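Novice:
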Amino acid sequence: SFDGNHSPTMVPRLFLVLLLVAVVAAETEYGEGGRRKGKLEDYPRQYPIDGNETRSLHFDYTYFSETVMYDQLENKADSPSIYINASLTFDILHHGNGDVIAVWMLNECFSNNCGTPPPVWVNFRRGGNNINEVFVDNEDVPADYVPRWNFLYAVAHTIYTPVDAGEGDEQYTKTPYGMCSVAFSRPEDKRFRRQMTKCDLKGSTNTTRVDGLLATRYRQDVHYVQNTKVDADIVIIETVEELGLSSPFNDQFGIIVETRSHMEMTNRTFRVTKRLCELGHDTEKCAVDIGLRKVGDRLYENVDMKRAYETEYQKDQFVQTLTALRGIHVKDDAWTEDHAAAVADLVLIVKKLESPSAAIAAALVDDANYDIRAVLATVLGSLGGADAVKTAREVIYSEEHGLKRFSTHFLFGIAHHTHAQSDKFLKELMYWLRDTPTTSALHWEIANTVATVLYRDCDRSVSARNQCDKGKRPILNKFIEDLTACSDDDCIEKVLEVLINLPSPTTVSFAKTHLCSASQSIQLKAAQLIAKAPQSLYNTELTYALLRVFRNTCPSPSSTTASMTALNAMIKSIPESQTAGTLILRTESIASPADQELWSYLYDAIAVSRQFDVTKDEFWSTLRSFRVFRPNYAQRSLTADSNAFAADIADFAGFRGRLRSSSEFASGILRGSNVQMSAVKGVNNKASEWPLFELQLETSGLESYVDSSHPMSDVTNPKASLRLSLLSHALPAFTVFDGHQAMMSAAMNANGQKIRVFESSIPLRTFSTVYPLLSGLSVSLDAAVVTTVRLFGSSEISLWNRESVSEIFVNTTSSITGSASIIQDGVEKQRLDGKLSLITGIQSKTEAKFASKPYRFCVNMGNDGNVISLSTVRIDHEEASPKVQTSSSSTSLPGQSWTLGEAMRKQCRLLLSEQ
């Protein structure tokens, strides 16, 4: 009821106020669009009450990732994936000096394979999200806790970047994968992108002797989508990641690991929480004060990504590989791709053991490994390092075990070692050399190996090469100084043979002083060393010293062999040394030259040098265009057999096989020959060339025994030697015979029986590492390229018929192996092994008839049929029992004969015409 005190106009006004209150109340409860809003008491407090509290941000995210591993793109759809699906929480808890402490933790796992990862705390730079440190809370983990890579670390790695703060949006920086190019961009409004490409992938083992045999790649692409409202939070994160291993020799060989992940924000809330540390307190000190345990800096250094049972796993793999090797070598005459593949496996596996050298030593003294001791000695050497040298001295070179016959295998392995640069390793070799008397053959064998090791040490980088060339490498200087401190001819000759593996300014200078030695043998060795040196070490003074040997104007006579070798060095220096070309041609005379064999070789050698180098071809064309140097018929009318030849005999996957051969004759008798095989990539001056194989034959004093017209007063001591080089490492020369009695004994025993001269393996490429993946898993990647070589020889000489047949067989098997394992929480989930192999052989046959003049000879060379095989093995552990899938294929290619030039074809036709 209304009394008289109320005005009639107040009623509608009161009704309007009540209606407004109702609308406001409804808006508070439901909000715009009718969506119900939480009541005030449902919200946590958003403002601190006192100085011990602070306002923090809390986020909820969903996370989903997929990881797939396959060998070929067409097999990707059939390859099983590993999924992780979970919900996460993220809290920003402390700010200090521009840095932030935050924590990621698992809320709920939907894929049932998340494990129980402890919360991951991160210290990052505000603004750029540059990661500083990663922690776990001591209260969340036991004292013996080993942090293992999981999806919480992956989330942190996805969001926070390893680049340096304030250094720009594009940086080439250290990452968990190696040195990578990291670029941050904004393709469009509210969208950001981080790309990681062009990585120089790091590895616990990462060595190469020939570039381009294996290709490894990694790329990472992360997209961030920003909230369209004022909060500007990143609400969606998507990643694509790819790690690949491949080879240019076969596009079907390879391993690819691909991951994708998706994160999406589902909630953002302000909370009032207790302060971790005082306001503005340094984040690093704050982390220590609140009991956090550091597990890594920007690269997650202390986070384990390997198998939890890695030690036991590698021990088991080592035992299995030894068993496989014994099975391969049980038949000595067998030759398969497994000869190289098993060595590749052993090299990679043994490096992962706690004591690699001790493991090989134990295997060496085990009688069960009798048939593979040569392989084990080679692998021990290929490990390199001070421990390997000490172990070899205690095991192989001791009288206790009777293993000295495997000395050459160990030294060959050391020359081709896969150890990282180490002065300790080099010093251990020097101590061994010092402790071995110079009167023993072992001293010079060790020195020969140390020379190669030092050269590889100098050649590992541009800065190292500059150090060595400028005399700023003390250990190199010490080695050369000690080695060259001798004066007798026998010692100097041995020194020059060793230093051919170590061409440097100092050794070239030493060789130059002996170019005009009274000993023709020393002259030859000195010229050979200089001919091996790079062009950068040549100068005018050296050119004139070589010219004296070429022209035979030294105080003591120079052999034709030494003159040819000096000529090779001079031609090598052209066109950088233009003086060398004019000095050579000034020696030409209108009449026929006295040493027609030398000039026959000269014209062939110049033609060979022009064949593969445009600048040399232009130089000689220009030089010959001058009137004084124009060729004439008299100069080319030579009665001589010495020749040089070169040709590209194969072209495959961007590599070319290049053959070079040269022969020296005297009165129709073969005095010496050289055959080289190399791998070439690129063209002209930009081409890279890697010497693979070289066989040098040198003889002297045979004329009187073959040519009855040769005056007996000129009879010299007959001698013949062979020297084999593999990958620029020249082995000590092998003496075929030295002296009349030894020569006759060798001739009488030359019944055509095939003899194994050499067998060993060379690791051309090794790579082993473990990488984190953005999907929360990790991948263990191993790869190797190994070549195993067997060299056989046979000779048959008939003194009655005065004819001979000599053959050389080089059997090779090369294997490229790759293995990748997907690891989750320390357990292997998938494994994929691939193997690409090539079996081939090279044959050389030399026939000679010396019953009457002119003597006839013919050299034939070629390769056997090639067998290329590819196999893969896939193991999946997702089910109760491992699922194994295998596939294999092989291709055979026919062999071919190699053309050795018109001069050789002519000689072969003449030989055949008299049969």
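Counted the way mature numbering (1 follows the signal peptide of the UniProt record, and there is no 0) counts, the sequence shown spans residues -26 to -1, 1 to 889.
Where a beta carbon is used, it is the ideal one built from N, C-alpha and C, also for glycine.
None of the values given here were measured: they were computed from a predicted structure.
Check each candidate in 874, 509 and 138 and name the one with the smallest Cα separation from residue 99.
Specialist: 138
Novice: Helix, strand or coil, according to DSSP, for residue 320 in the structure here?
Specialist: helix
Novice: DSSP has residue 703 in a bridge; who is on the other side?
Specialist: 700
Novice: Under 7 Å from any heavy atom of the ligand MG, does the C-beta of residue 190 make it?
Specialist: In terms of ligand content, the structure shown is empty, and the ligand MG therefore cannot be addressed.
Novice: How long is the line joining the alpha carbons of residue 531 and residue 592, rounded to whole angstroms?
Specialist: 34 Å
Novice: Could you check which residue in 557, 464, 580 and 837 has the C-alpha nearest to that of residue 872?
Specialist: 837
Novice: Can you give me the C-alpha to C-alpha distance between residue 380 and residue 738, rounded to a whole angstrom?
Specialist: 22 Å
Novice: Can you check DSSP and say which residues form a bridge with residue 760?
Specialist: Per DSSP, 737 and 789.
Novice: Let me confirm a value: residue 825 is counted as buried when at least 16 other C-beta atoms fall within 10 Å, else exposed. Which label applies?
Specialist: Looking at its Cβ environment, which holds fewer than 16 other Cβ atoms inside 10 Å, residue 825 is exposed.
Novice: How many Å lie between residue 791 and residue 732 at the Cα?
Specialist: Distance between the alpha carbons of residue 791 and residue 732 is about 24 Å.
Novice: Going by other Cβ atoms of all chains shown within 10 Å of its Cβ, with 16 needed for buried, is residue 97 buried or exposed?
Specialist: buried
Novice: Taking the C-alpha atoms as reference points, what is the distance between residue 316 and residue 121?
Specialist: 34 Å
Novice: May I ask you to verify whether the segment 693 to 712 touches the segment 662 to 672, counting CB pairs closer than 8 Å and requiring at least 3?
Specialist: yes
Novice: Helix or strand or just coil, what does DSSP make of residue 301?
Specialist: helix
Novice: Kindly provide the ranges of any alpha helix (DSSP H) runs that are 4 or more residues long and lie completely inside the segment 189 to 219, ordered along the chain.
Specialist: Listed in chain order, the alpha helix (DSSP H) runs fully inside the segment 189 to 219 amount to none, counting runs of at least 4 residues.
Novice: Considering only the beta carbon of each residue, do residue 535 and residue 638 sit closer than 8 Å?
Specialist: yes
Novice: In the DSSP assignment, find the beta strand (DSSP E) that holds residue 279 and state where it starts and stops.
Specialist: Residue 279 -> no beta strand (DSSP E), and no H or E assigned at all.
Novice: Taking only three categories from DSSP, how would you classify residue 728?
Specialist: coil
Novice: Beta strand (DSSP E) containing residue 631: first to last residue?
Specialist: 629 to 640
Novice: Whole angstroms is fine: what's the gap from residue 253's alpha carbon to residue 242's?
Specialist: 23 Å
Novice: For residue 746, list the residues DSSP reports as bridge partners.
Specialist: 752
Novice: Could you please give the first and the last residue of the uninterrupted beta strand (DSSP E) stretch that includes residue 35?
Specialist: 27 to 44
Novice: Can you tell me the Cα-Cα spacing of residue 457 and residue 412, whole angstroms?
Specialist: Their backbone Cα atoms lie some 10 Å apart in a straight line.
Novice: Count the other CB atoms, across all protein chains shown, that sit within 10 Å of the CB of residue 460; report buried if there are 16 or more and exposed otherwise.
Specialist: Result: exposed.
Novice: Go ahead and label residue 363 buried or exposed: buried means 16 or more other beta carbons lie within 10 angstroms of its beta carbon, across all protein chains shown.
Specialist: buried
Novice: Taking C-alpha atoms, which residue in 103, 181 and 109 lies nearest to residue 143?
Specialist: 103
Novice: Could you tell me if residue 869 is buried or exposed, where buried requires 16 or more neighbouring beta carbons within 10 angstroms of its beta carbon?
Specialist: exposed
Novice: Keeping to the same chain, check which residues put their C-beta closer than 8 Å to that of residue -4; ignore five residues upstream and five downstream.
Specialist: A caution first: residue -4 carries a pLDDT of 32, below 50, which makes its placement in the model unreliable, though a value can still be read off. Here the set comprises nothing.
Novice: So what does DSSP say about residue 411, is it helix, strand or coil?
Specialist: Coil, per DSSP.
Novice: Alpha carbon to alpha carbon, what distance is there between residue 308 and residue 343?
Specialist: 17 Å
Novice: I'd like to confirm the pairing. Which residues does DSSP put opposite residue 152 in its beta bridges?
Specialist: 149 and 175
Novice: Is it buried or exposed, residue -22, if we count other Cβ atoms within 10 angstroms and call 16 or more buried?
Specialist: Caution applies to residue -22, whose pLDDT of 39 falls short of 50 and renders its modelled position unreliable; the model cannot decide the point.
Novice: From which residue to which residue does the alpha helix (DSSP H) around residue 525 run?
Specialist: 514 to 525
Novice: Please name the residue or residues paired with residue 236 in a DSSP beta bridge.
Specialist: 38 and 212
Novice: What would DSSP say about residue 125, mapped onto helix, strand or coil?
Specialist: Annotated three-state conformation of residue 125 is helix, per DSSP.
Novice: Between which two residues does the alpha helix (DSSP H) holding residue 363 run?
Specialist: 360 to 369
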